[in-house]
Amino acid sequence: MKILVCISSVPDTTTKITFTENNTKFNTSGVQFIINPNDEFGLTKALQIKETNPGTTVTVIHVGPVGNEPVIRKSLAIGADGAIRIDTDAIDAFQVANEMAQYIKANPFDLIITGKESIDYNGGMVPHILGELLGIASVSPCTGLNINGTIAEVVAVIDGGTENLKSNLPLVIGGQRGLVEENELRIPNMRGIMQARSKPLNVINAVGTAASQNVNSYESPAAKSACKMIDSSNIEELVNLLQNEAKVI
Amino acid sequence: MSVLVYIENTNGSVKKNIIEAVSYAIAYGAAIGKSVIGVSIGNVSNEELKKVGIAGLTKVIKVDGYEYNNHQITSNILADIANSQGSTTVIMSSSNQGKGAAPRLAVKLGAGIITDVIDAPASTNPIVVKRKGFSGKAILSVSLLNDKNVLTVS
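Line order of the protein sequences matches chains A and B. Using this note's numbering, the first residue of the first sequence is number 1, and each one after it goes up by one. Using this note's numbering, the first residue of the second sequence is number 250, and each one after it goes up by one.
Shown next, in the form of structure tokens:
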């Protein structure tokens, strides 16, 4: 079985988010970039599938510039067999998905795993756009995956609960926590880091997908206002504040 | 030309978050001077549909007999209706149903898509809206560059 895991490079979860150029650019100065956590859950699941299904290969794919290669190398150090980098800046979900879809059409995979969303732009669109462009099913968010021959048994998150589904391969999965647990995530060891240096990282040219959206500006959310405590017996004061100060009734 | 709004349901019950999507669609339709058409997929009674303020819609198209929670089916139906009704904007809820079908719909329509919209459009041509990003640490002002648009509102 051939598994492809889509990897994005995102700011570390503890990053203080600031902006530059009159709030039109994300300030990357001093920011440490990591594998998108939802992608890392998917990569770990792919490696677990590989370990129980002899002959399985795990390839990672990334759309981004050469500066993002450390996250690709980390994926290889964790255990991926090879990597593809599509050499262009990631602009929006459709552009990223279409660039990957063109590669996948020429190089088919049985299972394609993405994160349910990246933790920077949070669009949650790539799994389903990929599925549509490839003409195959997509399940996202997905918290469970078992491969049984050519059938994938998945647990899909639906509104108000989860749903157990079966789908023929090929299939696109949008993973998140639950696909594997955090204590199952893998830390690259020295042997893996050394091996990653000799694993193939193929750089291919982008097909040149046009962007469909533009981020005009960024702003920080308004700070939460102070909490006012009101005595439970003082209903009049509560109504007064809701009506005249918060203006919600 | 019209605006389409998807009135999603669960087992025939219309969800409260659809009120926001319908209200948003009606306000957006008024802003651009277009009629607003609701679409319901699955077996939903007229009484259920009345709960979400469909009085402001030009009409509601009910498509019975299909799975309401299959993104491929939902996006196929919505694309057919959007094309037949000349809809340039489709508005959905930022639920799992909405965010599952919306990306497929955008591809079928050749539309731009923005998910998790949190504010009324600052501009309608091109459409400019706000959405959250960086896991809630930022608010982004985003413009779509296509003639057709799909928005999911939260």
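For each residue, glycine too, the CB sits at the ideal point set by N, CA and C. All of these numbers come straight from a predicted model, not from anything done at the bench.
Check: A:Asn-146, enclosing alpha helix (DSSP H) - first and last residue; Outcome: Careful: A:Asn-146 lies outside any alpha helix (DSSP H), inside the beta strand (DSSP E) at 137-148.
Check: For A:Arg-85: DSSP bridge partner residues; Outcome: A:His-62 and A:Val-203
Check: Continuous beta strand (DSSP E) assignments of at least 3 residues falling wholly in the stretch 340-398 of chain B; Outcome: 361-366, 376-382 and 387-393
Check: Chain B contact residues for A:Val-157, given Cβ-Cβ distances below 9 Å; Outcome: Asn-345
Check: Where the alpha helix (DSSP H) containing A:Phe-33 begins and where it ends; Outcome: Taken as a continuous stretch (DSSP letters only), A:Phe-33 belongs to no alpha helix (DSSP H), being part of the beta strand (DSSP E) at 33-35.
Check: A:Ile-7 beta carbon less than 8 Å from that of A:Val-58; Outcome: no
Check: Buried versus exposed call for B:Arg-380 [16 or more other C-beta atoms within 10 Å across all chains shown]; Outcome: buried
Check: Inter-residue Cα distance where the pair is B:Thr-307 and B:Ser-392; Outcome: 27 Å
Check: Span separating the alpha-carbon of A:Ala-80 from that of A:Val-60; Outcome: 7 Å
Check: Any non-hydrogen atom of the ligand FAD closer than 7 Å to B:Asp-396 Cβ; Outcome: As far as ligands go, the structure on display features none, and thus does not contain the ligand FAD.
Check: A:Tyr-218 - containing beta strand (DSSP E), residue span; Outcome: 213-219
Check: For A:Ala-93, the three-state DSSP class (helix, strand or coil); Outcome: helix
Check: Buried/exposed call for A:Asp-231, threshold 16 Cβ in 10 Å; Outcome: exposed
Check: Per DSSP, the bridge partner or partners of A:Glu-163; Outcome: A:Ala-156
Check: Secondary structure, beta strand (DSSP E): runs of 3+ residues fully inside the stretch 169-204 of chain A; Outcome: 171-175
Check: Chain-ordered chain A contacts of B:Pro-370 [CB-CB under 8 Å]; Outcome: Correct list: empty, because the minimum Cβ distance to chain A is about 12 Å.
Check: A:Ile-127, enclosing beta strand (DSSP E) - first and last residue; Outcome: As written in the sequence, residue 127 of chain A is Pro, which differs from the Ile given in the question. Taken as a continuous stretch (DSSP letters only), A:Pro-127 belongs to no beta strand (DSSP E), being part of the alpha helix (DSSP H) at 126-134.
Check: Any chain B beta carbon closer than 8 Å to A:Glu-219; Outcome: yes
Check: Cβ neighbour criterion (16 or more within 10 Å) applied to B:Ile-290; Outcome: buried
Check: Cβ of A:Gln-213 within 8 Å of any chain B Cβ; Outcome: yes
Check: Nearest-angstrom Cα separation, counted from A:Asp-12 out to A:Gly-30; Outcome: 11 Å
Check: Residue interval of the beta strand (DSSP E) (run including A:Lys-116); Outcome: Careful: A:Lys-116 lies outside any beta strand (DSSP E) and carries neither H nor E.
Check: Neighbourhood of B:Tyr-408 by C-beta distance below 7 Å, restricted to the same chain and skipping five residues each side; Outcome: With chain B running from 250 to 403 in the structure shown, residue 408 of chain B is simply not present.
Check: Status (buried if at least 16 other CB within 10 Å, exposed otherwise) for B:Tyr-255; Outcome: buried
Check: Neighbour flag for A:Asp-110 against chain B, beta carbons, 8 Å; Outcome: no
Check: Nearest residue (CA-CA) to A:Val-157, options A:Leu-145, A:Ile-151, A:Leu-130 and A:Ala-210; Outcome: A:Leu-145
Check: Residue-chain proximity (B:Asp-365, chain A), Cβ-Cβ < 8 Å; Outcome: yes
Check: Delimiting residues of the beta strand (DSSP E) encompassing B:Gly-287; Outcome: 284-290
Check: Closer than 8 Å to chain B by CB, A:Tyr-121; Outcome: yes
Check: Helix, strand or coil at A:Phe-19 [DSSP, three-state]; Outcome: strand
Check: Residue-level contact to chain B via CB, A:Glu-132, 8 Å cutoff; Outcome: yes
Check: For B:Thr-337, the three-state DSSP class (helix, strand or coil); Outcome: strand
Check: Inter-residue CB distance, B:Val-377 and B:Leu-400 (contact presumed, cutoff 8 Å); Outcome: Between B:Leu-400 and B:Val-377 the Cβ distance is about 11 Å, and since that is not below 8 Å, they are no contact.
Check: Below-8 Å beta-carbon distance, A:Gly-124 vs any chain B residue; Outcome: yes
Check: Cβ shell of B:Lys-311 (< 6 Å), same chain only, five flanking positions each side left out; Outcome: Ser-289
Check: C-beta neighbour in chain A for B:Ser-403, strict 8 Å; Outcome: no
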